[in-house]
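Each remark here refers to the structure printed beneath this line.
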Amino acid sequence: MMFAITPHVRRKQRHETIAKWVFFGMAASMIVPLVLIIGYLVERAWPSLSLGFLIDVPARGMKEGGVWPALVGTIYLVVLSLAVSAPVGVLAAVYLNEYARDNWFNRIINLAVINLAGVPSIVHALFGLGAFVYAARFGYSIISASLTLAIMTLPVIIASTREALASVPRTFREACWNVGATRWQTIKAVVLPNSISGILTGIILQVSRAAGETAPIMFTGAVFFKAVQKGDFFPYRLHEQCMALSMHLYTLSTQVPGVKESVPFATAVLLLGAVILVNATAIILRGYLRARKKW
Amino acid sequence: MNTPPTSRPAEESFAVRKATRPAWDVLSERALEILIYLCGISAIVFVLGIFFFVFKEALPILGNSHFSLTQFLFSDQWYPTSELNKRYGVFAMIAGTFSVTALAMLIAVPFGLGAAIYISEFCGGRTKETLKVVIELLAAIPSVVWGFIGLTVMSRLIVNYTGAPVGVNILNGGIILALMSVPIIVSIGEDALKAVPDSYREAGLALGATRWQLVRRVLLPAAKTGLLAAVLLGVGRGVGETMAVLMATGHAVHIPHGIFDSVRTLTANIAAELGEAPANSDHYRVLFLTGVLLFALTFIVNLAADLVVRGIRRR
Amino acid sequence: MKQRAHTSLTRNLTSTFAAGLAACLLQTGCGKSPGSGPDSGGGSASKVTIQNKGSDTMVNLAQGWAEEYKKAAPDVDVEVSGGGSGVGIAALVKGTIDIANASRNMKAEEIETARKNTGKAPKEFIVGYDSLAIYVHKDNPLNEITLDQVAQIYMEAGRITKWSDLGVKIPGSSSDEIVRVSRQSSSGTYEFLREHVLNKKDFKLGSRDMNGSKEVVELVGSTPTAIGYSGMGYATPAVKMLKVRKTATEPAYEPSVANTLAKTYPIARSLLVYTLGEPQGPVKKYIDWAMSDAGQRVVEASGYVPLPAGARAKP
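As given, the protein sequences belong to chains Z, G and Y, one line each in that order. Note that the first sequence covers residues -11 to 283 in our numbering. Note that the second sequence covers residues 3 to 317 in our numbering. Note that the third sequence covers residues 210 to 524 in our numbering.
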């Protein structure tokens, strides 16, 4: 049986096509700038992009040379901040997901986590300055800066870990409880192994966040310049300040006169590249998790 | 939430376990559980800590006779280092924050929601996954890189195409901020659409509705609170963003009259001046007070978004 | 009484928080931190670190010294931070840094505080000179300006707002408005202009207040209708440095090395470093080196004016 195509149907179909293309355009309009921007940055950065850029120290008043001290500084900050926020965040999520009952106190904790995630980075900077630099007397130092970053990444790690833990079916836990395991034994033997890739994904994503943040470290421990020898892997001590890639990009583009044009672009590309690399790792890990998941 | 049985599991085998488990094992488990509890409450400690420290540094200025809160909020005179007459009015910065955020939302909300609808309703499989990955990447670009793009790329484009005298202005900051807040609007918006039961879609399709009609008549009304939450979180992101607006908006203290005017935002003002304000000076304290204001603003916005999301879950 | 109760409460809470945070640190320290910690200082125990902080004008110069000095003395680490002259001096007075860079002289009360805090009097070294240049776009037909005109452009209630007020028509631009580019309040350069050109009066609000001298010059270079001020070391091919007259009847001088040393250029200043008391050991060596021929070559390369041969330190 055939229905005749009435004008009404035709209009309906036309609207459908228009709507589809409009929405497609809106979605595409996010990809296009991303591709254009990355392409432009890479093109401008091209003359400086080489291995030497990574391992050289800045030269001739930071006008030329590489980013080694800033790169090492960023690695210090990321590793230290995650060394604090990952264990605390994962354990906090374990508490919230496995131990906490649904009462007012735990609801306040939930609310706190959500709001901690929304606190502007500059307010974290104020907090880091007031709490770590002055009150705790850590001074302007790598410790202050990485603790500030740790607190900034904490809520997101809590949230992503909770999500990973919650995806483990309750029946798994019940099976384990029924053979006489305690709560912690259950968590250790069943819950954590089954959610580890999800937890890791969440932590890895915070690597790129910690590496990219500028405001919180600007006032707590990142320094304009520090003379470092080429190839020195441990140029900083923890009570000292360090250079950082994000801060370096900021100072290169606002403070340093006559800088070789491709150098700040290369620094931006390096930051972007690190972020994309980290995200790609996380995405692959997540894919692996999904493929392995059998429930 | 997985609440285990109210009593310890396997209560009857308790005696057996007590005999077989060494004491240090039981003790270390207890210690670990205390540690877990401490970490659990750390989140609340940190939030209170943030509020406490930021407020503590700001507090003394409120008792200062030279300082008036009304002037702080409603005066556009910002002279923190004047030798003749120090004035601390952040009204121009409040106007700056709102104008940049408003423009950003004007761009980001339609595009973000449109993209969310496309991802959720109009495409599937590979395309969907690809788009989601792109959005994730877009969200991960550090704000200092966005600021750098605004300062070097966008400002030149704006001067060339609009003839504006200066390329770092509200338009520049608004576009950058829009690109930064689109990902959050898309992902939360998509969640909201996903939360609409499939039976709604099936009912609509069974009545012969096209997908556009379905979106317009069924999904948007059903998901509107979730979409509101997405917009609110976008606003929260816009208000709190620092480095990008610091570099892209031109940093001028005045109340804007058009999108080609340069402005300064609350966040950028702190970032630019905090390093240079000697600790415990009035200037330093006023910057912390600005931090309290920002904290309160984002707290309200996030709380509202959270309540909205919670409302949906309960339904 | 009530006030005291309040402060002691605050202090208690502060120490509680600090202790809590320290506890968190400790927890995770013995928990599972992947061996990233204390070993990072290993092998560098014999190294000396000189902390150097202060003037934004001098931060590039200080950076250049640190970089060169690393070649002369590899076992000395020099840390350079900006922040502004005031911040550097404040840190020196507290005894937290070794060398403060300043583009202004220490005030009497700052010297007094230093004596009270540390028992030592600050020692001043002149390490070079700088002229504050007035920058315009390279196509701007203007060549000279008087200090009064600069003041009228930047000062609160100043009369000059348009290029036609200076008798200039900007080629290829329809806009007549002067785009004022300035620095954020509390930078040393901003204070210097206020002190020596605006006669301590306040700036007109609404200028684009950049965070770095380079940003000022870049914005002026990309904006035909802009005017800005910065150290002479920041000049680029896209901008022009104006000749400056002290008064309308006096001759105009350009900001050059000769005019700075002869003190004929009206807005020149000394670049200073301060230490607490007579410098000792590595700090003394570093300052001596900075004032020697090798250090002065860096001053020249940074675009500033080096000390005349007679004032240099002998190696």
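For glycine and all other residues, C-beta sits at the position ideal for the given N, C-alpha and C. All values derive from a computational prediction rather than experimental measurement.
Can you tell me which residues form a DSSP beta bridge with L39(Z)? According to DSSP, L39(Z) bridges with nothing at all.
By a C-beta neighbour count over all protein chains shown, 10 Å radius and 16 as the cutoff for buried, is H68(G) buried or exposed? exposed
Where G125(G) falls: helix, strand or coil (DSSP): Before going on, a small fix: residue 125(G) reads as Cys here, not Gly. In this structure, C125(G) counts as coil in the three-state DSSP scheme.
Report yes or no: do three or more beta-carbon pairs, one from the stretch 202 to 217 of chain Z and one from the stretch 273 to 281 of chain Y, lie closer than 8 Å? yes
Anything in chain G within Cβ reach of F11(Z), meaning under 7 Å, just list it in chain order. G116, I119, Y120 and F124
Check the Cβ of S145(G) against every Cβ in chain Z and list those closer than 9 Å, keeping chain order. S109, G200, E201, T202, A203 and S234
Selected residue, minimal CA-CA separation from R313(Y), among T322(Y), E321(Y), I335(Y) and A300(Y): I335(Y)
Apart from the five residues on each side of it in sequence, which residues of its chain come closer than 8 Å, Cβ to Cβ, to R371(G)? Residue 371(G) is absent from the model: chain G starts at 3 and stops at 317.
Straight-line gap, I190(G) to G228(G) (C-alpha atoms, nearest Å): 7 Å
Best match in F221(Z), V179(Z), W34(Z) and V(-3)(Z) for proximity to A154(Z) [C-alpha to C-alpha]: V179(Z)
Output the distance between the C-alpha atoms of L142(Z) and P252(Z), rounded to the nearest integer angstrom. 30 Å
Proximal chain Y residues relative to G49(Z), where beta-carbon distance stays under 9 Å: N269, L270, Q272, G273, E276, V507, A510 and S511
What residues in the stretch 215 to 234 of chain Z bring their beta carbon closer than 7 Å to a beta carbon of chain Y? A215, Q217, F222, Y224, R225, L226, E228 and Q229
Buried or exposed, going by whether 16 or more other CB atoms sit within 10 Å of the CB of D348(Y)? exposed
Distance between G206(G) and E4(Z) (C-alpha atoms, nearest Å): 14 Å
Consult DSSP for G291(Y) and reduce its assignment to one of helix, strand or coil. strand
Since A152(Z) and I187(Z) should fall inside the 8 Å C-beta cutoff, what is the C-beta to C-beta distance between them, to a whole number of angstroms? 5 Å
Contacts that V426(Y) makes with chain Z (C-beta to C-beta distance below 8 Å): P245
How about V102(G) and V265(G): are their beta carbons less than 8 Å apart? yes
Looking at the secondary structure, which residues open and close the beta strand (DSSP E) in which F334(Y) lies? P331 to H346
Per-residue DSSP class, three states only, for M419(Y): strand
With 16 other CB atoms within 10 Å as the buried threshold, where does G190(Z) fall? buried
Drop a sphere of 10 angstroms on the beta-carbon of I(-7)(Z), count the other beta-carbons inside from all chains shown, and report buried for 16 or more, exposed for fewer. exposed
Just list the alpha helix (DSSP H) runs in the stretch 13 to 67 of chain Z, keeping only unbroken ones of 4 residues or longer that don't cross its boundaries, in chain order. 39 to 43
If you drop the 5 nearest sequence neighbours on each side, which residues of the same chain put their C-beta closer than 7 Å to that of G504(Y)? W274 and W498
Looking at the secondary structure, which residues open and close the alpha helix (DSSP H) in which R150(Z) lies? I130 to A154
Using only the alpha-carbon positions, how far apart do R417(Y) and R389(Y) sit? 6 Å
Quick one: residues in its chain with C-beta nearer than 6 Å to the C-beta of K248(Z), no 5 flanking neighbours on either side, listed in chain order? K51 and E52
Ends of the beta strand (DSSP E) at L485(Y)? A477 to L485
Give the secondary structure of R286(Y) by DSSP, where H, G and I count as helix, E and B as strand, and everything else as coil. Arg is not the amino acid found at residue 286(Y); the sequence shown has Asp there. Here D286(Y) sits in strand by DSSP.
Please report whether the beta-carbon of F213(Z) lies at a distance below 8 Å from any beta-carbon of chain Y. yes
So V438(Y) is in the alpha helix (DSSP H); what residue range does that whole segment cover? Checking the displayed sequence, the identity of residue 438(Y) turns out to be Tyr instead of Val. Run containing Y438(Y): none in the alpha helix (DSSP H); it sits in the beta strand (DSSP E), A435 to G440.
Residues of chain G with CB under 7 Å from G415(Y), in chain order? A254, V255 and H256
Anything in chain G within Cβ reach of Q1(Z), meaning under 8 Å, just list it in chain order. T212
Are any of the Cβ atoms in chain Y nearer than 8 Å to that of G127(Z)? yes
Inspect the CB distances between the stretch 450 to 460 of chain Y and the stretch 288 to 306 of chain Y and report whether three or more fall short of 8 Å. no
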